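Structure, as structure tokens:
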Amino acid sequence: MRWWSVTNLVSNAGTWTQLTVQNLLVLQITGSAAATGLSMSVQAAPALFVSLLGGAAVDRWPRKLTVAVSQALLGAVAFTTALLVALDRIDMPALMVLAAVTGVIATVDGPACALLGNDLVPVEDVPSAIGVGALVHSAGRLTGTALAGVTVGFLGTSAAYAANGLSFLFVAAVVPFLRPAPGAVREPVSTERAVADREETGVRQGLAYFARRPRLVALAAVTGLSSVFGRNYGLTLAVLVTGPLAGGAGAFGTVSTVLAVGGILGAVLGARLRRPSVRTVGLLAAAGGLLQAAAGLSPSLAVLLVLVLPMAVVESVSDTAGTAVLQTDPPPHLRGRVLGVWSSVGTVWGLGGPPALGLLMEWAGTRGALVAGGLLIAGAIATGLLARGRTAPARVTLTAKDGDMTGRAALGTAA
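All residue numbers for the sequence shown refer to this note's numbering, where the first residue is 12 and numbers rise by one.
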């Protein structure tokens, strides 16, 4: 797990270096912010249409081999882009094609890497492993974004792509040497896998399992609310800082830094969760909504900074808890497909959230959007928790009689 964390840190840093440089490259080629957004959408779009197939592939193929091959393919795409940039043969059509290919490979690589990390630790430590992964992701993002400017300034744009390619090859080289810890979840042997494939094959089983699990549907609803009416702080807080609070780009940079620090602190706290649940995710999301509403009423930048840190911490812990539920609830032979369903749903939120939030900001203003969105999140979650409490089955406690075994657990009404 230590080796896996180190490789993921290197890979995440390389990925964020490339993403930052790619945006600059598109601007350099086209001079258009719209084209930059289009290139990002092209890379994200495959998750909407292909993630279900990618998740099914992860369930069918050996995990380590899947990760090694997908990382090698991503490295090949990065090296190809580096070569085209170095030869000055890159243009927008080529960038779009390469971005789309990267997005397709990522639909397999994402769930495979997530589940491989869980396979390396004992079952009871999976939530902690997910927290460590979130911490590594945040650290890699900060490192990669910072390295992008340095790399381009001293070595050129092609060097950033080449460095990312090397980071992918580093992961692929380490994967064959990874060994599960004692007590870790092991992949089913070939006969067990064959039985599972005969009984539940294809993407429909993943969709059916997801739809039949109320806790996963509730998790999707909570996350969807938070994604659409909150969390888009790059949009809402940027407008709040530069508008009503009369700050500049430097002030928003400070807010962004505090958000990043809060994300790292939240990942550390999330790694200490032992039994995360959908209720935990809901309570944290509701707290985040209330903090967002308070942030919308901030009279000054100093007050906003005080509120932004706990907002980021709560969001990060909530994400870690939700990911732990998502990756541990399904049976092992369905986890890839369930993650594929989740990736498709998350892409819908990612594409639809900013426009919906933008409309809310046009209608209610920046402060009004933050306050209304935060209260909507908290109110909807509170309503759901109250409704669930009223419909939950009552427990029946049996009094032991002579001859009965003592210590018998109380039975639910379903029994």
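Just so it is clear, CB atoms sit at the ideal spot from N, CA and C, and this is done for glycine as well.
Please read all numbers here as calculations on a predicted model, not as lab measurements.
Here ALA195 carries a strand assignment [DSSP, helix/strand/coil]. Taking the Cα positions, SER178 is about 11 Å away from ALA87. Our two residues, SER16 and GLY376, have alpha carbons roughly 42 Å apart in a direct line. Residue range 168-185 is occupied by the alpha helix (DSSP H) that includes ALA174. Looking at the DSSP output, PRO133 shares a beta bridge with ALA195. Under the 10 Å beta carbon count, TRP27 is surrounded by 16 or more other beta carbons and is classified as buried. In terms of Cβ geometry, VAL324 and LEU280 form a close pair [threshold 8 Å]. With 16 or more other Cβ atoms from the protein chains shown falling within 10 Å of its own Cβ, GLY385 counts as buried.
For TRP14, the uninterrupted alpha helix (DSSP H) run begins and ends at 13-41, by DSSP. Taking C-beta separations shorter than 7 Å and ignoring five residues to either side along the sequence, the partners of THR168 in its chain run VAL32, LEU36 and VAL96, following chain order. Assignment of alpha helix (DSSP H) within the segment 66-154, counting only whole runs of 4 or more residues, yields 74-97 and 103-130 in chain order.
Excluding the 5 residues flanking it on each side, ALA173 has same chain C-beta neighbours closer than 8 Å at ALA89, PHE90 and ALA93, in chain order. A distance of 8 Å or more separates the beta carbons of THR268 and ILE141. Collapsing the DSSP output to three states places ARG401 in a helix. Annotation: GLY379 to ALA305 spans about 11 Å, alpha carbon to alpha carbon. The alpha-carbon separation between ARG348 and ALA219 amounts to approximately 10 Å. About 20 Å separates the CB atoms of VAL61 and LEU127; that is not less than 8 Å, and the two are not in contact. Within the same chain, Cβ atoms closer than 6 Å to the Cβ of SER354 are found at ALA58 and SER62, the five residues on either side in sequence being excluded. Closest option to ALA68, judged by alpha-carbon separation, among GLN338, VAL163, THR118 and VAL266: THR118.
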